[in-house]
Amino acid sequence: MTPSAPLEPARKRSHSRAHDLVSHLTRQILLGTFEPGDRLPSENTLVREHGVSRTVVREALSKLQASGLVEPRHGIGTFVIERQEQSQLRVGAESAASVRDLLELRIGLEGQAAALAALRRNDGHLARMRQALDDYQDLAAAGDSCIEADRRFHLLIAEATGNLYFSEMLAQLGSRMIPRNRMAEDERSGAKLARHAYLANLEHEAILNAIRRQDPDAARAAICLHLSNSRDRLLPE
């Protein structure tokens, strides 16, 4: 009698669900929804909210622990921990050369991320990207800093790839990911900054539209143009 073989597909489904849960929790940690010292939702809560088994939840938490994002505390729960400095990508001071080099790195990395995001995004990704750009526009209109919303938009593109390494790489750049402090003091406020924010947001909208249309070539081109223009705005000849 031939043994039945649905076990392997079932195992693959379990791993896929665990990967999805890891991606979701990692995004929340990298974006600061859960900060160092915060306790993650309980196993029962994760089971209920995500419609997965306790086995899937435990596998996901184990992967998060292995990646150095959380630690279990017996009888209390699972907590987000500070990321180790030695594992962080070292980014130099914001000299003109380092800003240029960083943006060149981002052009290569985020061009591929945008292309993959266009192929793999879902409605939830699009909604969160839309919210980030709405927040960016509101902050820019009020004359407030929109760096956090800008960074969030780019991290959400990385998340939509479904590949945790893109999110990890961008998260390790930290606040230097958006090197706007490189601007001269008289350009950080007033008409010049407002103009920069307006142009950047037009470029953000083009990126989002390409990802929404699921056009990887257009998404790659749009984000590469945006980052190239950002370099030129920050480092005029």
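In case it helps, the UniProt record's numbering puts the sequence shown at residues 1 to 237.
The C-beta atom is built at its ideal place from N, Cα and C for all residues, glycine as well.
Just to confirm before moving on: does the CB-CB distance between E71 and V57 stay below 7 Å? For the purposes of this step, residue 71 is taken as residue 71 along the sequence shown, with counting starting at 1. For the purposes of this step, residue 57 is taken as residue 57 along the sequence shown, with counting starting at 1. No Cβ-Cβ contact shorter than 7 Å links E71 with V57.
Buried or exposed: where does L234 fall if 16 or more other Cβ atoms within 10 Å of its Cβ makes it buried? Counted from its first residue, the sequence shown places residue 234 at position 234. L234 comes out buried.
Here's the rule I'm using: 16 or more other beta-carbon atoms within 10 Å means buried, otherwise exposed. How should residue 279 be labelled? No answer is possible for residue 279: the residues shown for the chain start at 1 and end at 237.
Apart from the five residues just before and just after D101, which ones in its own chain have a Cβ nearer than 7 Å to its Cβ? Within the sequence shown, numbered from 1, the residue matching residue 101 stands at position 101. Sequence-distant partners of D101 (beyond 5 residues in either direction) whose C-beta falls short of 7 Å from its own C-beta are missing from its chain.
Reference C146, options A197, A66, P216, closest by Cα: Your numbering for residue 146 matches position 146 in the sequence shown. Comparing alpha-carbon positions, the option among A197, A66, P216 lying closest to C146 turns out to be A197.
Cα-Cα separation between Q86 and A171, rounded to whole angstroms: Residue numbering aside, residue 86 sits at position 86 when the sequence shown is read from its first letter. Residue numbering aside, residue 171 sits at position 171 when the sequence shown is read from its first letter. Annotation note: pLDDT 42 at Q86 (below 50); position unreliable, coordinate value reported separately. Their Cα atoms are separated by approximately 14 Å.
With DSSP as the reference, label R121 as helix, strand or coil. As a first step, residue 121 must be located in the sequence shown, where it is residue number 121. Three-state DSSP puts R121 in coil, outside helix and strand.
Which residues in the same chain have their Cβ closer than 8 Å to the Cβ of G77, if we skip the five residues on either side of it in sequence? Here the question's residue 77 lines up with position 77 in the sequence shown. Counting only residues of its own chain and dropping the five nearest sequence neighbours on each side, G77 has a CB closer than 8 Å to the CB of R39, L40, S42.
Leaving out five residues before and five after H50 in sequence, what residues of the same chain have Cβ atoms less than 7 Å from its Cβ? For this step, residue 50 is matched to residue 50 along the sequence shown. If the five residues before and after H50 are omitted, its C-beta is found closer than 7 Å to the C-beta atoms of L21, all from its own chain and listed in chain order.
Roughly how many whole angstroms lie between the Cα atoms of D232 and L133? Position 232 of the sequence shown, counting from 1, holds the residue named residue 232. Position 133 of the sequence shown, counting from 1, holds the residue named residue 133. Between D232 and L133, the C-alpha separation is close to 22 Å.
Quick check on the burial criterion: 16 or more other C-beta atoms within 10 angstroms. Buried or exposed for N209? Numbered from its first residue, the sequence shown carries residue 209 at position 209. Burial call: exposed.
State the Cα-Cα distance for the pair S53 and G162, rounded to the nearest angstrom. Looking up residue 53 in the sequence shown gives position 53. Looking up residue 162 in the sequence shown gives position 162. Those two C-alpha atoms are separated by around 21 Å.
CB of A117 within 7 Å of CB of I211, strictly: Within the sequence shown, residue 117 is the residue found at index 117, counting from 1. Within the sequence shown, residue 211 is the residue found at index 211, counting from 1. Contact flag set, yes.
Outcome for D150 when other beta-carbon atoms lying within 10 angstroms are tallied against a minimum of 16: Numbered from 1 along the sequence shown, position 150 holds the residue referred to as residue 150. It is buried - the Cβ of D150 has at least 16 other Cβ atoms within 10 Å.
Around the Cβ of S16, are there at least 16 other Cβ atoms within 10 angstroms (buried) or fewer (exposed)? Residue 16 sits at position 16 when you count from the first residue of the sequence shown. Under this definition S16 is an exposed residue.
Taking only three categories from DSSP, how would you classify R213? Reading the sequence shown from its first residue, position 213 is the one you call residue 213. Coil, per DSSP.
Quick check: the Cα distance between E59 and A114, rounded to an integer number of angstroms? Counting from 1 along the sequence shown, the entry for residue 59 is found at position 59. Counting from 1 along the sequence shown, the entry for residue 114 is found at position 114. Within the model, the alpha-carbon separation for E59 versus A114 is close to 29 Å.
Quick check on the DSSP output: the alpha helix (DSSP H) that includes E148 runs from which residue to which? Along the sequence shown, one-based indexing puts residue 148 at 148. Taken as a continuous stretch (DSSP letters only), the alpha helix (DSSP H) holding E148 covers 147-160.
Taking R195 as the reference, which of L61, V80, A140 has the closest Cα? Here residue 195 corresponds to residue number 195 of the sequence shown, with the count starting at 1. Restricting attention to L61, V80, A140, the CA atom closest to the CA of R195 is found in A140.
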